[in-house]
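**Student:** Residues 1373 to 2245 (this note's numbering) are what the sequence shown spells out, left to right. All C-beta atoms in this analysis are idealised placements derived from N, C-alpha and C, irrespective of residue type, glycine included. All values derive from a computational prediction rather than experimental measurement. Sharing a structure here in structure tokens format.
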Amino acid sequence: MKKKKELTNKILSFTLPFIVLMIMFSLVRIFPFGNSSVTVNDANNQYIAILAYFRENIFHPQNLLYSFKLNLGGQFFSVLTYYLLSPINLLSLLFPISKIPLFFELNTIFNACLTSLMMYVFLSRSKYTRQSNNGINIVFSLCFALSSYFFLYNHCEMWFNVIAFFPLLMLFLEELLDGKNSWRFGTLYVVMLLMNYYITFMITVFVVISYFIWAISTKNIKIIINRTRTLVLTGIIAFLLGSVSIIPSYLCQKLVKDQASFQINLHRIYYIKDLFNNLFFNISSAKGQIIGKDGIAFNHYPHVYMTFVITFVLVSFFFSKLIKKRSKILVALLLGILFLFTWNQTLYFMWHGFTAPHGYPQRGTFIIDFVLVVIASNYIKHFNEKRESLKVPIIVTLILVGLNYLSVRNITNLIINIIFLLLVVLILIVRKENCIKFLLPLVVIDIIFSNVSVFSKLSEQSTNIEAYAKGYNEMKQTLNKMSKNDKSFYRIGTADEMNPNDPLLYGYNGLSNYVSQQPTQLINFMSTVGYFQRTNPVYRWSSYNNGSTLAMDSLLGIKYYIGNNDSYAENIIKSNNELRSLSSISNGITTANKPQKINNFDVFENKFSFPLAFPVNKGATEKIDFQGLPTNDPFKYQNKVFKDLFGINKLYCNLKLDNRRISRSSSCYTYEVSNSGIVYMYLPEKMFAKLPELSLYVNNKRIGNINSNYDSLNKGEGKNSKNGIISIGKFEKGERLNIKLVYKNHKTQLLSPVLAVENEDVVSQMSKAARTSDVKVKRISGNSIDIETNKEFNSNYLMLTIPYDKGWKITVNGKRETPRMLISTFMGIKLRKGTNKIELHYEVPGIKISVMLFILGVVLLLGNLAVKKRREN
């Protein structure tokens, strides 16, 4: 009977989050109750495309080591280890890519249900919380699984895939410290490290803190020494086994230079009163305080509210006569340490892997939630065993509610908090053993009421399932037709991007990318040569953004450019991606080439595109400081690039500004064309500048909009549209150009546009020399490239337009050759003149040492097991 009841409790703990989420989905029109989804923010910008690529290449493992779909090329292994190693991602194979948002919904629901179940398992088995009637722990499990933290961050699937197992790990830690088996803790710890090393690092910090609290509460020194030895050995073995994921990922992350450096200081992250107010129901928080006009603004204090039940029981714990004073001191010490890790900048950085988290602060809040739920369950255990008066907790809670009112000044908050207090107290005192029947509905109402507004706002910004599917199918069909007609290696640029990860999503070689592991040097290069203005140093994406110049696009192998399609643009806008980029302005490729129609898209074949590999001058070995600053002149840098590579002088001639007129609504500039050719414009911006939407006119003809944004979204325009180099057409020498930028805000201050003219004949000559050079790329397969040069080859350097990476191992004519960095960005190989056979193979940096450490971990594990077995015998 007892086992049957326990099974029922487990089933309830697993299914209750599903029921609550279905209610929430129906309220905010998430599928199946509408076309909204749970994919929002980074799930929309990154995770959908990353998972789509994983799904398409799971049976091509070489593509999971290195990918040409990551900008110009990059290591994919570190993306795999951070985002994709949860086994549940294998279920994505059951979903077509056009329906992949539905997989994310399934994953979100499963994460909540599994988290609730694992929390219940902990609460029902831990010596601190197990009770004669564990039904009450179902309520606490639900509070933990559907916390405010969950509703804000649930779209970060890869975190919650690991968080779900966190309570179970803590149960196994308790077993280890009690002298029972340590293998369950070690095994689960390794699995969690492999699934997501980042979240597991935070959990590791908490494990160390928990051990510290346990050690100071244990009087037997021998036991402390013995358990310390066991825990340290288990941790070392686990790290060695998990090193196959940790070390390569760490080495890759070191290439990201924009992260705030770790410093020891006493700076705070947030005001203490904000954390205090977050312990209570706050209608302002639910309806507006954390919802700005541009969407959710993640405040930097931990979002720890998990219903008023948890808050009141937490207060009761510290004012209870049933709880020993020593226990209260230890719990207060634990909470104090956790508070410092969220409040002090130095400890905060440490907790987040010695880096500053961008966009998602207080990522370890789930650990605080766990501790609060355990405290609440522990108190109820004592309360059920021996009833006590709740007068003091009631008075203290009323005082705290009053202080909360004085802080937020909201009478509605005051009334709701008092009502919740009365109901909780009434249920605990009157209903006694049957309180779960009344607490559960109260908790469900609290969860829904306190989170529905935030969840609603997030769903409004989420991927529209219908629009996403239509847009994906339109573009994919076009790309499939193109690939059937051209089997060579080439790159593609597009006028309209659903997001910077379109190459991963659709499976084409492109120039756009957005992952946390993208090297800063590559982003700076892309920005400096005019693709995307990096107006904020934390930007980790690089967008093709309608292209740069004809010469730069050609150099980087853009063979095809897919122009506008009104239907596709409309679906992109409806799909709600904040990093979408749509453009109706011409670029260098469209100015110099004629289109063909494929599925209602204008597709331009660039007759000047370079192959992947071609000979360059020795000058390519000179360093160029690509700063990535939006105030830099991209034409100056491009001149330097082409001079170093091919000895070309003055490919671009900057036009002289003859006149400037500024008014309250527009800025006008006059230039004279110095040479015949394609004229480009670049509008510099100051770092952190937020320019309004601008209408561009050239010689009184409207060209389009620049800096389109949420507030003024026009048809065919997107948030990142034309935020780089713009082609304004072909002009003859001596023509006058009148540039007019119109804006609505009279306070707008612009830097003068930089205009330059490109020599198309020189671009043609460079392209012809590269395409007819005596270099042939024989094979490209994932992480391997084979190249040959013939006897006519007459250069000492070969450049590949893939980013320089120490992971590339090169053999030339059977001998190992060290790769060279050319123009501070690309892969280069020094060759002898004449015939050469070149083989490139990508090896993930750190993978060899990781495998060796893994083997060492296996040896230590087997040795440890052998010693234990011998002792037992």
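Could you say which of 2214, 1537, 2226 lies nearest to residue 1436 if we only look at CA atoms?
**Tutor:** To locate residue 1436, count along the sequence shown from 1; it is residue 64. Comparing Cα positions, the closest option is 2214.
**Student:** Between residue 1379 and the rest of its own chain, which residues show a CB-CB distance below 8 angstroms, the 5 nearest in sequence each way excluded?
**Tutor:** Translated into positions along the sequence shown, residue 1379 becomes position 7. The answer is none, since no qualifying residue turns up.
**Student:** Identify, in the order they occur along the chain, each residue of the same chain with its Cβ nearer than 6 angstroms to the Cβ of residue 2229, setting aside the five sequence neighbours on each side.
**Tutor:** One-based indexing of the sequence shown puts residue 2229 at position 857. Same-chain partners within the cutoff: 1609, 1612, 1613.
**Student:** What's the gap between the Cα of residue 1579 and the Cα of residue 1707?
**Tutor:** Position 207 of the sequence shown, counting from 1, holds the residue named residue 1579. Position 335 of the sequence shown, counting from 1, holds the residue named residue 1707. The straight-line gap from Cα to Cα measures roughly 14 angstroms.
**Student:** Let me check understanding here. Comparing Cα to Cα, which of 2131, 2066, 1441, 1950 lies closest to residue 2024?
**Tutor:** Position 652 of the sequence shown, counted from the start, is the residue given in the question as residue 2024. Among 2131, 2066, 1441, 1950, the Cα nearest to that of residue 2024 belongs to 2131.
**Student:** Tell me the residue span of the alpha helix (DSSP H) that contains residue 1572.
**Tutor:** Position 200 of the sequence shown, counted from the first residue, corresponds to residue 1572. Residue 1572 -> alpha helix (DSSP H) spans 1569-1589.
**Student:** For the beta strand (DSSP E) containing residue 2040, list its first residue and its last residue.
**Tutor:** Within the sequence shown, residue 2040 is the residue found at index 668, counting from 1. It spans 2038-2044 - the beta strand (DSSP E) in which residue 2040 sits, taken as one unbroken run.
**Student:** So, is residue 2239 buried or exposed, given that buried needs 16 or more other C-beta atoms within 10 angstroms?
**Tutor:** For the purposes of this step, residue 2239 is taken as the residue at position 867 of the sequence shown. Looking at its Cβ environment, which holds fewer than 16 other Cβ atoms inside 10 Å, residue 2239 is exposed.
**Student:** If I follow the unbroken beta strand (DSSP E) through residue 1617, where does it start and stop?
**Tutor:** On the sequence shown, position 245 is the one that residue 1617 refers to. Segment 1593-1625 is the alpha helix (DSSP H) holding residue 1617; no beta strand (DSSP E) there.
**Student:** May I ask which residues mark the beginning and end of the beta strand (DSSP E) holding residue 2031?
**Tutor:** Indexing the sequence shown from 1 puts residue 2031 at position 659. Per DSSP, residue 2031 belongs to the beta strand (DSSP E) from 2029-2034.
**Student:** Residue 1472: buried (16+ other C-beta within 10 angstroms of its C-beta) or exposed?
**Tutor:** To locate residue 1472, count along the sequence shown from 1; it is residue 100. Its Cβ being crowded by 16 or more others within 10 Å, residue 1472 is buried.
**Student:** On the premise that residue 1700 lies in contact with residue 2246, defined as a C-beta separation below 8 angstroms, what is that separation, rounded to the nearest angstrom?
**Tutor:** Outside the displayed span of the chain (1373 to 2245) sits residue 2246, for which this structure offers no information.
**Student:** Quick one: is residue 2032 buried, meaning 16 or more other Cβ sit within 10 Å of its Cβ, or exposed?
**Tutor:** Numbered from its first residue, the sequence shown carries residue 2032 at position 660. That one is exposed.
**Student:** In chain order, which continuous runs of the alpha helix (DSSP H) of length 4 or greater are located wholly inside the segment 1529-1559?
**Tutor:** DSSP assignment within the segment 1529-1559 yields the following whole alpha helix (DSSP H) runs of 4 residues or more, N-terminal first: 1529-1535, 1538-1549.
**Student:** Does the ligand MG have a heavy atom nearer than 7 angstroms to the CB of residue 1967?
**Tutor:** The ligand MG is not part of the structure shown, which contains no ligands of any sort.
**Student:** Under the rule that 16 or more other beta-carbon atoms within 10 Å means buried, what is residue 2108, buried or exposed?
**Tutor:** Residue 2108 sits at position 736 when you count from the first residue of the sequence shown. Under this definition residue 2108 is an exposed residue.
**Student:** At what residues does the beta strand (DSSP E) containing residue 2061 begin and finish?
**Tutor:** Within the sequence shown, residue 2061 is the residue found at index 689, counting from 1. Counting along the chain, residue 2061 falls outside any beta strand (DSSP E), and DSSP gives it neither H nor E.
**Student:** For residue 2199 versus residue 1986, is the C-beta distance shorter than 8 angstroms?
**Tutor:** Numbered from 1 along the sequence shown, position 827 holds the residue referred to as residue 2199. Numbered from 1 along the sequence shown, position 614 holds the residue referred to as residue 1986. Taking 8 angstroms as the Cβ cut-off, residue 2199 and residue 1986 do not qualify as a contacting pair.
**Student:** Consult DSSP for residue 1998 and reduce its assignment to one of helix, strand or coil.
**Tutor:** Walking along the sequence shown from the start, residue 1998 turns up at place 626. Here residue 1998 sits in coil by DSSP.
**Student:** Is it right to say residue 1969 is buried, meaning 16 or more other beta carbons lie within 10 angstroms of its own, or is it exposed?
**Tutor:** Looking up residue 1969 in the sequence shown gives position 597. That one is exposed.
**Student:** Count the CB pairs spanning the segment 1404-1423 and the segment 1871-1881 that are closer than 8 angstroms, and state whether there are at least three.
**Tutor:** In short, these stretches touch, since the Cβ pair count reaches three.
**Student:** Let's test the definition: count the other Cβ atoms within 10 Å of the Cβ of residue 1859 and tell me whether it reaches 16, buried, or not, exposed.
**Tutor:** Here residue 1859 is taken as the residue at index 487 of the sequence shown, counted from 1. Residue 1859 comes out exposed.
**Student:** Between residue 1497 and the rest of its own chain, which residues show a CB-CB distance below 7 angstroms, the 5 nearest in sequence each way excluded?
**Tutor:** The residue you call residue 1497 lines up with position 125 of the sequence shown. The answer, listed in chain order, is 1543.
**Student:** Using the C-alpha atoms, what's the distance from residue 1388 back to residue 1813?
**Tutor:** To locate residue 1813, count along the sequence shown from 1; it is residue 441. To locate residue 1388, count along the sequence shown from 1; it is residue 16. Near 11 angstroms, if we compare the C-alpha coordinates of residue 1388 and residue 1813.
**Student:** Tell me whether residue 2175 sits in a helix, a strand or coil according to DSSP, three-state version.
**Tutor:** As a first step, residue 2175 is located in the sequence shown; it is residue number 803 there, counting from the start. In this structure, residue 2175 counts as strand in the three-state DSSP scheme.
**Student:** Under 7 angstroms Cβ to Cβ from residue 1908, same chain only, skipping five residues before and after it: list those, please.
**Tutor:** Your numbering for residue 1908 matches position 536 in the sequence shown. So the qualifying residues of the chain are 2060.
**Student:** Please state the DSSP three-state secondary structure of residue 1870.
**Tutor:** As a first step, residue 1870 is located in the sequence shown; it is residue number 498 there, counting from the start. Correct three-state label for residue 1870: coil.
**Student:** How is residue 2026 classed by DSSP in three states: helix, strand or coil?
**Tutor:** As a working mapping, residue 2026 is identified with position 654 in the sequence shown. Strand, per DSSP.
**Student:** How about residue 2104 and residue 2046: are their beta carbons less than 8 angstroms apart?
**Tutor:** By 1-based counting over the sequence shown, the position of residue 2104 is 732. By 1-based counting over the sequence shown, the position of residue 2046 is 674. No, the Cβ-Cβ distance between residue 2104 and residue 2046 is not below 8 angstroms.
**Student:** Look at the alpha carbon of residue 2085 and the alpha carbon of residue 1524, and state the distance between them as a whole number of angstroms.
**Tutor:** On the sequence shown, position 713 is the one that residue 2085 refers to. On the sequence shown, position 152 is the one that residue 1524 refers to. In this prediction, residue 2085 scores a pLDDT of 42, lower than 50, which makes its location untrustworthy; the coordinate-derived value is nonetheless stated afterwards. If I take the Cα positions, the gap works out to 26 angstroms.
**Student:** Within this structure, are the beta carbons of residue 1434 and residue 2177 separated by less than 8 angstroms?
**Tutor:** Within the sequence shown, the letter at position 62 stands for residue 1434. Within the sequence shown, the letter at position 805 stands for residue 2177. The answer is no: Cβ separation not under 8 angstroms.
**Student:** Which residue wins for smallest C-alpha separation from residue 1769, given the options 1680, 2010, 1709?
**Tutor:** Locating residue 1769 in the sequence shown gives position 397, where the first residue counts as 1. Checking every option, the nearest Cα to that of residue 1769 belongs to 1680.
**Student:** What is the rounded straight-line gap between the Cα of residue 1529 and the Cα of residue 1476?
**Tutor:** As a working note, residue 1529 is residue 157 in the sequence shown. As a working note, residue 1476 is residue 104 in the sequence shown. Taking the straight line joining both Cα atoms gives about 8 angstroms.
**Student:** Using CA coordinates, which residue listed in 1685, 1682, 2233, 1799 is at the minimum distance from residue 1556?
**Tutor:** Here the question's residue 1556 lines up with position 184 in the sequence shown. With distances taken between CA atoms, residue 1556 lies nearest to 2233 out of 1685, 1682, 2233, 1799.
**Student:** Please report the straight-line C-alpha distance between residue 1669 and residue 1678, rounded to a whole angstrom.
**Tutor:** For this step, residue 1669 is matched to residue 297 along the sequence shown. For this step, residue 1678 is matched to residue 306 along the sequence shown. Only weak support is given to the placement of residue 1669: the predicted model assigns it a pLDDT of 46, under 50, and the value that follows is read from those uncertain coordinates. Cα to Cα, residue 1669 sits roughly 20 angstroms from residue 1678.
**Student:** My understanding is that residue 1721 touches residue 1728, with C-beta atoms under 8 angstroms, so please give their C-beta distance in whole angstroms.
**Tutor:** For the purposes of this step, residue 1721 is identified with residue 349 of the sequence shown, where counting begins at 1. For the purposes of this step, residue 1728 is identified with residue 356 of the sequence shown, where counting begins at 1. Correct: roughly 6 angstroms between the Cβ atoms.
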